[in-house]
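Peer 1: Residue numbers (UniProt numbering): 1 to 200.
Yeah, the Cβ is synthetic: ideal placement off N, Cα and C, and Gly gets one too.
As the structure is a prediction and not an experimental result, all values here were calculated from the model.
This is the structure, below, for whatever I ask next.
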């Protein structure tokens with residue numbers, strides 16, 4: 001964008017306006033923001049997207065200031081332009097990668113990501129419990145279904161036994177009746193209707 005193309009020009013204009021005492025400020029240019037930090041007479045400046053916020057860029061600048069002082073101390077304040085560039089540019093690149101990609105760079109975001117992880121685990125655990133509950137419910141349903149089927153089968157078996165028993169009883173009674181009729185016919189034919197032939 002325009003800010004990237006005019007980085008040197010915009011940076012020069014910002015540096016001209018900066019106070020010499022320790023301070024920090026952000027300037028918006030197009031969709032980019034220039035953040036600066038003045039510490040111990042040195043200016044630390046970076047450019048970031050507007051949606052990157054302010055917390056991380058200033059955390060990066062404070063980290064850069066600490067590392068500069070650790071590496072060069074008072075000597076860093078009298079260094080020639082680009083004199084430390086070869087060594088310190090690698091440090092800056094490493095820290096830029098860290099602050100732009102690693103969630104641990106921003107404690108608040110780290111806490112948020114940890115909360116999200118815990119929430120995800122909780123949701124996953126709850127889903128597993130629910131799945132197990134569904135399986136238990138399905139198992140209970142199947143058990144109840146099997147019990148109902150067993151009860152129906154037992155009832156049907158009892159009814160079938162009763163039906164066969166009734167049929168067998170009817171057949172037995174019918175056979176007994178027929179036998180009695182035959183015996184009665186024989187007796188009547190031998191003894192007569194009034195049993196006068198079978199008298200003494």
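Is it the case that the Cβ atoms of residue 95 and residue 63 are separated by a distance below 7 Å?
Peer 2: yes
Peer 1: For residue 196, which three-state DSSP category applies?
Peer 2: coil
Peer 1: Drop a sphere of 10 angstroms on the beta-carbon of residue 36, count the other beta-carbons inside from all chains shown, and report buried for 16 or more, exposed for fewer.
Peer 2: buried
Peer 1: Below 8 Å, can you find three or more Cβ-Cβ pairs linking the segment 9-16 to the segment 53-63?
Peer 2: no
Peer 1: Would you kindly report the start and end of the unbroken alpha helix (DSSP H) that includes residue 39?
Peer 2: From DSSP, residue 39 is part of no alpha helix (DSSP H) but of the beta strand (DSSP E) over 32-39.
Peer 1: Run through DSSP, which three-state label would residue 79 get?
Peer 2: coil
Peer 1: Measure the Cβ-Cβ separation of residue 39 and residue 65 and say whether it is below 7 Å.
Peer 2: Closer than 7 Å, so yes.
Peer 1: Which value, in whole angstroms, describes the spacing of the CA atoms of residue 176 and residue 163?
Peer 2: 20 Å
Peer 1: Helix, strand or coil, according to DSSP, for residue 63 in the structure here?
Peer 2: helix
Peer 1: For residue 50, which residues in the same chain have their Cβ closer than 7 Å to its Cβ, ignoring the five residues on either side in sequence?
Peer 2: 28, 31, 32, 33
Peer 1: Of the choices 70, 161, 25, 71, whose alpha-carbon is the least far from that of residue 53?
Peer 2: 25
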